[in-house]
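Have a look at the structure below before the remarks.
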Amino acid sequence: MAEHSSIPSFLPPPVGGTTLREHVLHGMHAAPGATGEFTSLLNHISLAIRIINSRVRSAGLADLLGYTGETNVQGEAVQKLDAFSNDVLLNVLQRSGHCGVIASEELDEAILENNHGKYVALFDPLDGSSNIDTNVGIGTIFAVLRRSDPKLSPPALADALRPGREIVAAGYVLYGPSTVFVLSTGQGVHSFTLDPSIGEFFLSQPDIQCPPRGSCYSVNEGNYSRWTPEIQSWVRWLKGDAKDVPPAAEAAGFKTPYGARYVGSLVADAHRTLMKGGIFAYPADAKSKNGKLRLLYEANPMAYLFEQAGGGATNGTERILDIMPAELHQRTPLVIGSKDDVAAFRQFMVGERR
Ligand code: AMP
Ligand code: P6P
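The sequence shown begins at 999 in our numbering and counts up by one.
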């Protein structure tokens, strides 16, 4: 099946597996007037990810486990791999020259480059870091925005404080049993698997579609006592023990109880939900009044990918991608997953289901 139906016919179909580089090149040919800067930026991101991957894979041997002794803006103990991953992404993106603004979970302030870089890069360099020492899947998450007036106005924080609906590219990398890069540039969601023997990503799943409904929910039930009654009721329904759910819920064909899966690493939980369907939630609670996850470089990229794959993403009351950011590191409740499952969640939030 043609990956990009609008690709000029003079381009021969790729022999064997399509590489990430070829996929991105096809995207450039399909983008009217593209100068190649965006393509170069994506290739730089791929380079940074392959460097991070090589260290993640050898962290246990290269004495990169453990802590640096510093704490980041989130007040979290910074692990060596966090610091390394942040440095790699920062260095490679700065060398690309394509970003006027660069922001990271590990940096208190956004970096405003002294250039006319067309793009904003936002990233969580190594998400799930609390799992690093236990060999559980961890990941890198990023989003790319286009600056509104790169030639005239100098890079500013305001370029980063834009709603997620303005994203032009987003992706994550899951450093799991294999290294999988999931990417969207607005024409669907595609996943690439790294062949570590040659350091090349190959297209493994084009046009990923999140199933319209799943059979699995993913939430940290250790927070149950801190949740609002609506969230508690939603989870009781999923577990099949809520007696007061109106028949409409069953009439809609939802088959509870759902299975429970929770890794505690956003990229791992999100990837499973994207591929298999179901729902992931990190709601607000009495301790984390705005939820725990960060809007700009965790929730927005994930929301963009899920919507591109036909899924949904909400904070409970509004679309994640419509939230107008006020601060760089602001948190948000995040619920992502199959569109039917996210719609059912929202009905609990607005009291249409009890
Ligand atoms: P550029 O002139 O290379 O900065 O690209 C301008 C715009 O065209 C980008 O912001 C994208 O929205 C789109 N575009 C360019 N190259 C690609 C690509 N390889 N894949 C998808 N979209 C692209
Ligand atoms: P909790 C990992 O530390 C992380 O930032 C996300 O990757 C993950 O979804 C969440 O925190 C897990 O948080 O409170 O359930 O341990």
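Ideal Cβ placement from N, Cα and C applies to all residues, glycine included.
Subject >> Proximal residues to G1349 (C-beta, below 8 angstroms), its chain only, five neighbours per side dropped >> reply: Taking the sequence shown and counting its residues from 1, the one referred to as residue 1349 is at position 351. The beta carbon of G1349 lies closer than 8 angstroms to those of E1228 in the same chain, with the five residues before and after it left out.
Original post:
In the DSSP assignment, what are the bridge partners of L1291?
Top reply: Taking the first residue of the sequence shown as 1, we reach residue 1291 at position 293. L1291 pairs with nothing; no bridge assigned.
**OP:** Report yes if the C-beta distance between A1307 and C1208 is below 8 angstroms; otherwise report no.
**Re:** Translated into positions along the sequence shown, residue 1307 becomes position 309. Translated into positions along the sequence shown, residue 1208 becomes position 210. Pairing A1307 with C1208 gives a Cβ-Cβ distance under 8 angstroms.
**OP:** Would you kindly work out how many angstroms separate the C-alpha atoms of V1333 and G1314, rounded to a whole number?
**Re:** Numbered from its first residue, the sequence shown carries residue 1333 at position 335. Numbered from its first residue, the sequence shown carries residue 1314 at position 316. So the two alpha carbons sit approximately 7 angstroms from each other.
Original post:
Mind checking whether S1263 and R1329 have CB atoms under 8 angstroms apart?
Top reply: Reading the sequence shown from its first residue, position 265 is the one you call residue 1263. Reading the sequence shown from its first residue, position 331 is the one you call residue 1329. No, these two residues do not count as a Cβ contact at 8 angstroms.
**OP:** Mind checking who V1142 pairs with in its DSSP beta bridge?
**Re:** Numbered from its first residue, the sequence shown carries residue 1142 at position 144. A1119, A1167, per the DSSP bridge assignment.
**OP:** Quick one: residues in its chain with C-beta nearer than 8 angstroms to the C-beta of P1123, no 5 flanking neighbours on either side, listed in chain order?
**Re:** As a first step, residue 1123 is located in the sequence shown; it is residue number 125 there, counting from the start. The beta carbon of P1123 lies closer than 8 angstroms to those of I1050, D1080, S1083, N1084, V1086, L1087, S1102, E1103, E1104, T1138 in the same chain, with the five residues before and after it left out.
Original post:
Got a list of residues with beta-carbon closer than 6 angstroms to any non-hydrogen atom of ligand 1, in chain order?
Top reply: Here the residues come out as V1022, G1025, M1026, A1029, A1032, T1033, G1034, E1035, F1036, T1037, K1116, R1144, V1166, T1183.
Subject >> Outcome for T1033 when other beta-carbon atoms lying within 10 angstroms are tallied against a minimum of 16 >> reply: Start at 1 with the first residue of the sequence shown, and residue 1033 comes out as number 35. Classification for T1033: exposed.
Original post:
Count the other CB atoms within 10 Å of the CB of E1305; is the residue buried (16 or more) or exposed (fewer)?
Top reply: Numbered from its first residue, the sequence shown carries residue 1305 at position 307. Buried: at least 16 other Cβ atoms inside 10 Å.
Original post:
Mind checking whether the beta-carbon of N1218 lies closer than 7 angstroms to any heavy atom of ligand 2?
Top reply: Within the sequence shown, the letter at position 220 stands for residue 1218. Yes, the beta carbon of N1218 sits closer than 7 angstroms to at least one heavy atom of ligand 2.
Subject >> Backbone CA spacing between A1046 and R1144 [nearest angstrom] >> reply: Position 48 of the sequence shown, counted from the start, is the residue given in the question as residue 1046. Position 146 of the sequence shown, counted from the start, is the residue given in the question as residue 1144. Those two C-alpha atoms are separated by around 20 angstroms.
**OP:** Going by CA-CA distance only, name the one from R1019, Y1117, M1347 that's closest to F1179.
**Re:** Here residue 1179 is taken as the residue at index 181 of the sequence shown, counted from 1. Nearest of R1019, Y1117, M1347 to F1179, Cα basis: R1019.
Original post:
Cβ atoms of G1275 and G1174: under 8 angstroms apart, would you say?
Top reply: Here the question's residue 1174 lines up with position 176 in the sequence shown. Here the question's residue 1275 lines up with position 277 in the sequence shown. Not in contact: G1174 and G1275 (Cβ atoms no closer than 8 angstroms).
Original post:
Excluding five sequence neighbours on each side, which residues of the same chain lie with their C-beta closer than 7 angstroms to the C-beta of L1291?
Top reply: Position 293 of the sequence shown, counted from the first residue, corresponds to residue 1291. Sequence-distant Cβ neighbours of L1291 in its own chain, meaning closer than 7 angstroms and more than five residues away, are L1264, Y1280, A1297, R1329, T1330, L1332.
Subject >> Residues bridged to Y1385 (per DSSP) >> reply: Because the chain here runs from 999 to 1352, residue 1385 falls outside it and cannot be looked at.
Subject >> Reduced DSSP category for L1018 - H, G, I as helix; E, B as strand; rest coil >> reply: Position 20 of the sequence shown, counted from the start, is the residue given in the question as residue 1018. In the three-state reduction of the DSSP assignment, L1018 falls in the helix class.
Original post:
Is there contact here, the stretch 1230-1237 with the stretch 1128-1138, by at least three beta-carbon pairs under 8 angstroms?
Top reply: In the pairwise beta carbon analysis, the stretch 1230-1237 is classified as not touching the stretch 1128-1138: fewer than three pairs are separated by under 8 angstroms.
**OP:** Output the residue ranges of the alpha helix (DSSP H) runs that lie fully inside the stretch 1193-1252 and measure 4 residues or longer, sorted by chain position.
**Re:** 1227-1236, 1245-1249, all fully within the stretch 1193-1252.
Subject >> Rounded C-alpha distance that separates S1216 from G1031 >> reply: As a working mapping, residue 1216 is identified with position 218 in the sequence shown. As a working mapping, residue 1031 is identified with position 33 in the sequence shown. C-alpha separation (whole angstroms): 42 angstroms.
Original post:
Can you name the start and end residues of the beta strand (DSSP E) that S1102 belongs to?
Top reply: As a working note, residue 1102 is residue 104 in the sequence shown. That run of the beta strand (DSSP E) goes 1097-1102.
Subject >> Member of V1142, R1160, D1106 whose CA lies at the smallest distance from the CA of G1115 >> reply: Translated into the one-based positions of the sequence shown, residue 1115 becomes position 117. Taking only the C-alpha atoms, the option nearest G1115 is V1142.
Original post:
Mapping DSSP to helix, strand and coil, what is D1147?
Top reply: For this step, residue 1147 is matched to residue 149 along the sequence shown. Looking at D1147 - three-state DSSP - the assignment turns out to be coil, as it is neither helix nor strand.
Subject >> Chain-order list of residues whose beta-carbon lies under 8 angstroms from that of L1326 (same chain, five-residue window excluded) >> reply: On the sequence shown, position 328 is the one that residue 1326 refers to. A1101, E1107, A1108, L1155, A1158, L1159, L1294, listed in sequence order.
**OP:** Answer yes or no: the CB of G1276 versus the heavy atoms of ligand 4, is any distance below 7 angstroms?
**Re:** With respect to ligand 4, the structure shown offers nothing to examine, as its ligands consist of ligand 1 and ligand 2.
Original post:
Going by the C-beta, is D1205 closer than 7 angstroms to any heavy atom of ligand 2?
Top reply: One-based indexing of the sequence shown puts residue 1205 at position 207. Exclusion of D1205 from the 7 angstroms shell around ligand 2 follows from its C-beta lying no nearer than that to any non-hydrogen atom of the ligand.
Subject >> Collapsed DSSP secondary structure at H1002 in the structure displayed >> reply: As a working mapping, residue 1002 is identified with position 4 in the sequence shown. Low confidence applies to H1002: its pLDDT is 48, below 50, so where it sits in the model is not reliable enough to give any reading.
**OP:** May I ask which residues mark the beginning and end of the beta strand (DSSP E) holding T1066?
**Re:** As a position in the sequence shown, residue 1066 is number 68, starting the count at 1. T1066 -> beta strand (DSSP E) spans 1065-1069.
Subject >> For H1114, the three-state DSSP class (helix, strand or coil) >> reply: Counting from one through the sequence shown, the residue named residue 1114 turns up at place 116. It is coil, neither helix nor strand.
Original post:
Could you give the C-beta distance for T1017 and M1026, rounded to a whole number, given that I count them as a contact under 8 angstroms?
Top reply: To locate residue 1017, count along the sequence shown from 1; it is residue 19. To locate residue 1026, count along the sequence shown from 1; it is residue 28. Between T1017 and M1026 the beta-carbon gap is near 14 angstroms, outside 8 angstroms, which marks them as no contact.
Original post:
Hey, is K1078 close to ligand 2, as in C-beta under 7 angstroms from one of its heavy atoms?
Top reply: Stepping through the sequence shown from its first residue, residue 1078 is reached at position 80. A distance criterion of 7 angstroms places the beta-carbon of K1078 beyond contact range of ligand 2, judged by its closest non-hydrogen atom.
Original post:
If we ignore side chains and look at the alpha-carbon of each, how far apart do G1126 and F1278 end up?
Top reply: Counting from one through the sequence shown, the residue named residue 1126 turns up at place 128. Counting from one through the sequence shown, the residue named residue 1278 turns up at place 280. For G1126 and F1278, the distance between alpha carbons rounds to 15 angstroms.
**OP:** With DSSP collapsed to three states, give me the class of A1154.
**Re:** The count along the sequence shown starts at 1 and reaches residue 1154 at position 156. In this structure, DSSP gives A1154 a state outside helix and strand, which the three-state scheme calls coil.
Original post:
If you run the structure through DSSP and keep just helix, strand and coil, what is R1160?
Top reply: Start at 1 with the first residue of the sequence shown, and residue 1160 comes out as number 162. The answer is coil: DSSP assigns R1160 none of H, G, I, E or B.
Subject >> Residue range of the alpha helix (DSSP H) that includes V1265 >> reply: Here residue 1265 corresponds to residue number 267 of the sequence shown, with the count starting at 1. Run containing V1265: 1264-1274, per the alpha helix (DSSP H) assignment.
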